[in-house]
Amino acid sequence: MNSTRIFISRLKALFHQRADEREFDEEVHAHLALLTDRYTRQGMSLEEAQTAAKRQLGPDTQLKETLREQRSVRFFENVLQDIRFALRQLRKAPAFTVTAVLTLALGIGLNTAVFSIVHAVLLRPLPFKNADQLVMVWEQNPHRGWYHNIVSAANFNDWRKENHVFSDMAIIDPFLTFNLTGSGTPVEIQAERVTPNLFTLLGVQPLLGRTFVREEGRPGSARVVVLGHALWASRYGGDRSIVGKQILLNGEGYTVIGVMPVGFSDVYSPSVDSTAQVWVSALDLSDPARDDHNYTAVARLRPGVSLKQAQAEMNSIAARLEKQYPGNKDWSVGLVSADDETVGNSRPALIILLVAVALVLLIVCVNLANLLLARSAVRLRELAVRRALGANRRRLLSQLLTESLLLSIGGAAVGLGIATFATKSLIAIAPIDTPGIETAGLQPVVLAYTAGIAFFTAIIFGLFPAIRLSNFELGSALKESSRGSTQTASAGKIRRILVSTEFALAVVLVVSAGLMIKTLLYMHHIELGFQPDHVLTMRVPLNDVKYNERQQAEFYQTLLERLHTVPGIQHATVCHGIPFYGWSGQGFVTQENPHPAPAEMPDANYLTIAPQYFDVLRIPLKKGRAFTEGDTQNALHVAVVNESLARQEWPGQNPIGKRIKIAWNEASWLTVVGVSGNVRTQGPEANFAPEIYAPYTQHPWLKTPRQLLIRTNVNPLAVVPSIRRVIRELDPEQPIADVRTLDAVTLQPLALRRFLKDLLTGFAAVALLLAAIGVYGVMAYSATQRLREMGIRIALGATQHNVLATILMDGLRCGLFGICFGLAGSFGATRLLSSQLYGVKTTDPWIFASVTLILTLVAAIAAYFPARRAAGVDPITVLREE
Amino acid sequence: MNSSRSEVLQGTLDLLILKTLSSMGPLHGYGLARRIEQLSDDVLRLNEGTVYASLLRLAQSGWITSEWGVSENNRKAKFYSVTKRGCKQLTAEAESWERIAGVVGRVLQLAENR
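Protein sequences appear in the order of chains A and B.
Take any residue in the first sequence, count from 1 to its spot, add 362: that is its number in the working numbering.
Take any residue in the second sequence, count from 1 to its spot, add 12: that is its number in the working numbering.
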């Protein structure tokens, strides 16, 4: 305790050393004066008195030294001295310092940026109370390969009654939109109809007002609504008195009861576009059909219950229900933690990026170790002198590590600047549906991470050269001149190994980038079955209250007629369901097999469309005809099926004239009038699935077609203002939503892979650059060392060409050695990447061949310049210099 | 150097200074040296500079504090005084000193009587 106090007071003294010594001088001076006074009073002469006083006080310098010693803290003094000395050393070698700090800044900055993203997306818990207890409950049908199916109300009700593993379960109906009218421009907003307990289950309090109470869950109860923060802020200007007021949704008045806090959204949002802006309750869960899957279910585990235990209990409940109800045949329950549900997709990609960027940092470290070794020749003399003057090995080691640490701190400081910029760029190019990514930034945790990697980086690149450098034979080090010593010769060997290591690491990154590039090339060339270019899509949702079915049909008809007169528009159509917008699976039967068992019922993507749909998307018609204006409610009810369905149901027969029926529409047989080409409706990775197209004009109810599809012969976005004008002329209150080009829609599923490809390519480029710098540095240095040897060779008759080849081969050997190890390493390392690859194997020979070629070229180019300089040497000058 | 002078042990000097400051009130270095000289009947003679080393040690331990003032001959001088913590320390040290001195005295007497 006392020793601590002494230590602290000594620490404080560090900062006013000079003042302390001055004060002490004054004190001693006063003391001497008093003693002198005393002796003169006793009768001594002034001179005698002064001498006596001095003697009595003791030797002055010795005393000062004792006091200084007593005041000082040896360790800290050394550190301060090391830092001052290191700064001086670094200032003396500005080129080295700048190179080192910049490469470190690049490595540390990139790592910080990637970590800030990983932290925001993967490490931060979801913004719910005890989020680790939240699970999504899905129905699954492994026989059909469905693992993430929305659930039926009847099954949900039974689960809720029978389970003992959840403290609560709630339901969300996510497929709901409202036209919000009243003040301001009419808009379509995403909404969710939920059970009243959802908010308490998630553990989220409203910002204003309240959430739903139990009674409001009953169908037909008073119309109340909870607002999302974004809508409240943008539409109602953050008006706190909004609670209790009415807003118009689909023309009906809803009383606002509460406003959610900023950033609140449900666990499950299928994509960013459909994040709900309002919540309503009064959900009707009385539908007894077991196979009517409509809802998303979320549950909270009881404290102490694991996901596994919950899954086991749900399995047994599902097994019971499967026996009890034929509609449940082959259906079971799958639980997914809310965390996996939201970030499960992004996780593998982000982990790959974290590993890749760590490799970049490792290359940076190797490069720096190399630079430090290159400096060792210069430093050796200086260190030997210090050693001779009494510094022990530990002091030299700490001196060298201090230098590394200072470089690293400088790198981290500049790196934070790079990270700020890089984080913003990463957020900008990341897939927009990456959850939580917008919150990424240089938060304290991220800064701590930066400090951590800066420290470890310094140790990694600094320790080895420092140990080597501080460990020398004093005598020989002092005697030897800097050139040709054994020390530098073995350092040269080590530097070659380091360069090879850089190449090996770079190979892994370049191979990874190559594999991703090839994956994307492959995916871009997948035959989708339609042509997405020059197509515009938007939703024009009609209000059911305002428009009855007949009026809706008329509205769309007039709209399409007018759109066809707009310059730039080739074809226009309305439809329900466009490619890449999910799956609207419906069971169907054919005349040949009208009563299949429920589990055997075939299933197809069912789309209701207007004429010209096939023209807009350029889906080829293989047989028969497309729809026309004549396919009205009173005409023969018709359908177009795709080739996949035709082959499945009527192999070897002509499908035209065959009849099918959608399972829920018992009344109406549809006659097949055409066969269309297959379309990858569910994304580039999906197989061709059976599809049924029906004219929306014959659909039993007409509210489904809301999607507008327009083919243009100009930039599709250029016609948007004209379309808005046409719609405004028809109904000034009609909102339009989700305006996008089909190109953007079809690229969306590739977004994550593209993000990964872009970053890996960037990292690979940095790695290549660093490896090139590494080879260049070593070769340039060794060429200088060997100038005399080359001079002699030339004098003895070697051609410039021979000399050039010698150095070039030396560099290539370094590179090739590393490339071989790198290729071997890549076989293992790229396994991590395999989940992100498509249409390409991790061992793709073309990639490996081209990577070898690229890196060999890089090594050759980097070695060429020093080689050329060595070859151009004038033997006479060199030899005379010696 | 005069060999008849007793070598003052480091800890002992600290204790002497602490005791002197505690009974005399604030003193400067010179005053302390005089007082110790006087009290010890010139038995303890020391390089007066060592007083300062001792004072620094005590100050670092937080047992004494110092203040600039004016000495009797109108010079600027640093006056030292005991802190509360120093008083406690003094009591503890004095007890232990007496115990040890007692033991040492007894041992020495025994040795002489043999």
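Where is the CB? At the ideal position from N, CA and C, for every residue including glycine.
### Query
Could you check where the alpha helix (DSSP H) with E410(A) kicks off and where it finishes?
Residue 410(A) sits at position 48 when you count from the first residue of the first sequence. From DSSP, the alpha helix (DSSP H) with E410(A) extends over 408-419.
### Message
Quick check on A1211(A): buried or exposed, where buried means 16 or more other Cβ atoms within 10 Å of its Cβ?
### Response
What you label residue 1211(A) is simply residue 849 of the first sequence in a count that begins at 1. It is exposed - the Cβ of A1211(A) has fewer than 16 other Cβ atoms within 10 Å.
### Query
In three-state terms, what does DSSP make of S1196(A)?
Taking the first sequence and counting its residues from 1, the one referred to as residue 1196(A) is at position 834. It is helical.
### Message
In the DSSP output, which residue or residues are listed as bridge partners for G986(A)?
### Response
Start at 1 with the first residue of the first sequence, and residue 986(A) comes out as number 624. G1036(A).
### Query
Is any heavy atom in the ligand ADP found nearer than 6 Å to the beta carbon of W521(A)?
The ligand ADP is not part of this structure, which contains no ligands at all.
### Query
Going by beta carbon distance, what residues of the same chain come within less than 8 Å of P1057(A), once the five residues before and after it are set aside?
Against the first sequence, residue 1057(A) aligns to sequence position 695. Excluding residues within five positions, the ones whose Cβ falls inside 8 Å are T970, I971, A972, P973, F989, D993, V1000.
### Candidates Y1226(A), L769(A), G696(A), of which the one nearest L452(A) by Cα
Along the first sequence, one-based indexing puts residue 452(A) at 90. Per the Cα distances, L769(A).
### Message
For W641(A), which residues in the same chain have their Cβ closer than 6 Å to its Cβ, ignoring the five residues on either side in sequence?
### Response
What you label residue 641(A) is simply residue 279 of the first sequence in a count that begins at 1. So the qualifying residues of the chain are E554, V556, V588.
### Query
Contact between the region 1110-1127 of chain A and the region 1078-1085 of chain A: three or more CB pairs below 8 Å?
no
### Query
Should Q1004(A) be labelled buried (16 or more other beta-carbon atoms within 10 Å of its own) or exposed?
Working through the first sequence from its first residue, we reach residue 1004(A) at position 642. Before going further, note that residue 1004(A) is Asn rather than Gln in the sequence given. It counts as buried.
### Any chain E beta carbon closer than 7 Å to I368(A)
No chain E is part of this structure, whose protein chains are labelled A and B.
### Message
Helix, strand or coil for W594(A)? Go by DSSP, reduced to three states.
### Response
The residue given as residue 594(A) occupies position 232 in the first sequence. Reduced to three states, the DSSP call for W594(A) is helix.
#### Entry: Where L1070(A) falls: helix, strand or coil (DSSP)
Position 708 of the first sequence, counted from the first residue, corresponds to residue 1070(A). It is a strand residue.
### Task
Just mark Q379(A) as buried or exposed, buried being the case when its beta carbon has 16 or more other beta carbons within 10 Å.
Stepping through the first sequence from its first residue, residue 379(A) is reached at position 17. Classification of Q379(A): exposed, given that the 10 Å Cβ count is below 16.
### Message
Just to make sure I have the definition right: I need the residues of chain A whose C-beta is within less than 9 Å of the C-beta of T62(B). Which are they?
### Response
Residue mapping note: residue 62(B) aligns to position 50 of the second sequence, counting from 1. In chain order: G420, L425, T428.
#### Entry: Contact set between Q432(A) and chain B, taken where Cβ atoms lie within less than 9 Å
Taking the first sequence and counting its residues from 1, one reaches residue 432(A) at position 70. Here the neighbours are A65, L68, R69, Q72.
### Query
What does DSSP give as the partner residues of H933(A) in its beta bridges?
Numbered from 1 along the first sequence, position 571 holds the residue referred to as residue 933(A). DSSP, once it has assigned bridges, lists R1073(A) as partnering H933(A).
#### Entry: A381(A) - DSSP class collapsed to helix/strand/coil
Residue 381(A) sits at position 19 when you count from the first residue of the first sequence. Looking at A381(A) - three-state DSSP - the assignment turns out to be helix.
### Query
Under 7 Å between the Cβ atoms of V978(A) and L898(A)?
Translated into the one-based positions of the first sequence, residue 978(A) becomes position 616. Translated into the one-based positions of the first sequence, residue 898(A) becomes position 536. Cβ distance not < 7 Å, so V978(A) and L898(A) don't count as in contact.
### Message
Could you check whether the Cβ of K100(B) sits closer than 7 Å to any Cβ belonging to chain A?
### Response
Start at 1 with the first residue of the second sequence, and residue 100(B) comes out as number 88. No, K100(B) does not count as interfacial toward chain A.
### Message
Do L983(A) and S1038(A) count as a contact pair if the criterion is CB distance below 7 Å?
### Response
Taking the first residue of the first sequence as position 1, residue 1038(A) is located at position 676. Taking the first residue of the first sequence as position 1, residue 983(A) is located at position 621. Yes. Within cutoff.
### Query
beta strand (DSSP E) containing I744(A): first to last residue?
As a first step, residue 744(A) must be located in the first sequence, where it is residue number 382. Correcting the residue identity first, residue 744(A) is Glu in this sequence and not Ile. Careful: E744(A) lies outside any beta strand (DSSP E), inside the alpha helix (DSSP H) at 708-750.
### Query
How about Y975(A) and S946(A): are their beta carbons less than 7 Å apart?
In the first sequence, counting from the first residue as 1, residue 975(A) sits at position 613. In the first sequence, counting from the first residue as 1, residue 946(A) sits at position 584. Contact: no.
### Query
Going by the beta-carbon positions, is the gap between P941(A) and T1103(A) smaller than 7 Å?
The residue given as residue 941(A) occupies position 579 in the first sequence. The residue given as residue 1103(A) occupies position 741 in the first sequence. The answer is no: Cβ separation not under 7 Å.
#### Entry: Selected residue, minimal CA-CA separation from E427(A), among E49(B), Y64(B), N85(B), A106(B)
Your numbering for residue 427(A) matches position 65 in the first sequence. Among E49(B), Y64(B), N85(B), A106(B), the Cα nearest to that of E427(A) is on Y64(B).
### Residue from T927(A), V951(A), V928(A), L922(A) whose Cα sits closest to the Cα of C937(A)
Within the first sequence, residue 937(A) is the residue found at index 575, counting from 1. Here the closest residue by C-alpha is L922(A).
### Query
Taking the Cβ atom as the reference point for each residue, do A718(A) and F1183(A) lie within a distance shorter than 7 Å?
Along the first sequence, read from residue 1 onward, the residue named residue 718(A) stands at position 356. Along the first sequence, read from residue 1 onward, the residue named residue 1183(A) stands at position 821. Contact: no.
### Query
Are L788(A) and A475(A) close, meaning C-beta to C-beta below 7 Å?
Stepping through the first sequence from its first residue, residue 788(A) is reached at position 426. Stepping through the first sequence from its first residue, residue 475(A) is reached at position 113. In this structure, A475(A) lies closer than 7 Å to L788(A) by Cβ.
### Task
Report the rounded CA-to-CA distance for L860(A) versus R486(A), giving the unit in angstroms.
Mapped onto the first sequence, residue 860(A) falls at position 498. Mapped onto the first sequence, residue 486(A) falls at position 124. Whole-angstrom Cα-Cα distance: 38 Å.
### Query
Is L373(A) close to chain B, meaning its C-beta is less than 7 Å from at least one C-beta of that chain?
Residue numbering aside, residue 373(A) sits at position 11 when the first sequence is read from its first letter. No, because no Cβ of chain B sits closer than 7 Å to the Cβ of L373(A).
### Per DSSP, cross-strand counterpart(s) of N86(B)
Here residue 86(B) refers to the residue found at position 74 when the second sequence is read from its first residue. Note: N86(B) sits in no beta bridge, so no partner.
### Message
Can you tell me whether T1043(A) is helix, strand or coil according to DSSP?
### Response
Reading the first sequence from its first residue, position 681 is the one you call residue 1043(A). Three-state DSSP puts T1043(A) in coil, outside helix and strand.
### Message
Give me the residue from Q412(A), G582(A), N440(A), V575(A) with the minimum Cα distance to S648(A).
### Response
By 1-based counting over the first sequence, the position of residue 648(A) is 286. Nearest option by C-alpha distance: G582(A).
### Pairwise C-alpha distance: A1133(A) and L1217(A)
The count along the first sequence starts at 1 and reaches residue 1217(A) at position 855. The count along the first sequence starts at 1 and reaches residue 1133(A) at position 771. Spanning the two alpha carbons is a distance of roughly 9 Å.
### Query
Got a sec: is the Cβ-Cβ distance from H393(A) to anything in chain B below 7 Å?
One-based indexing of the first sequence puts residue 393(A) at position 31. Answer yes: the Cβ-Cβ gap between H393(A) and chain B drops below 7 Å somewhere.
### Query
With 16 other CB atoms within 10 Å as the buried threshold, where does Y509(A) fall?
Position 147 of the first sequence holds residue 509(A). Exposed.
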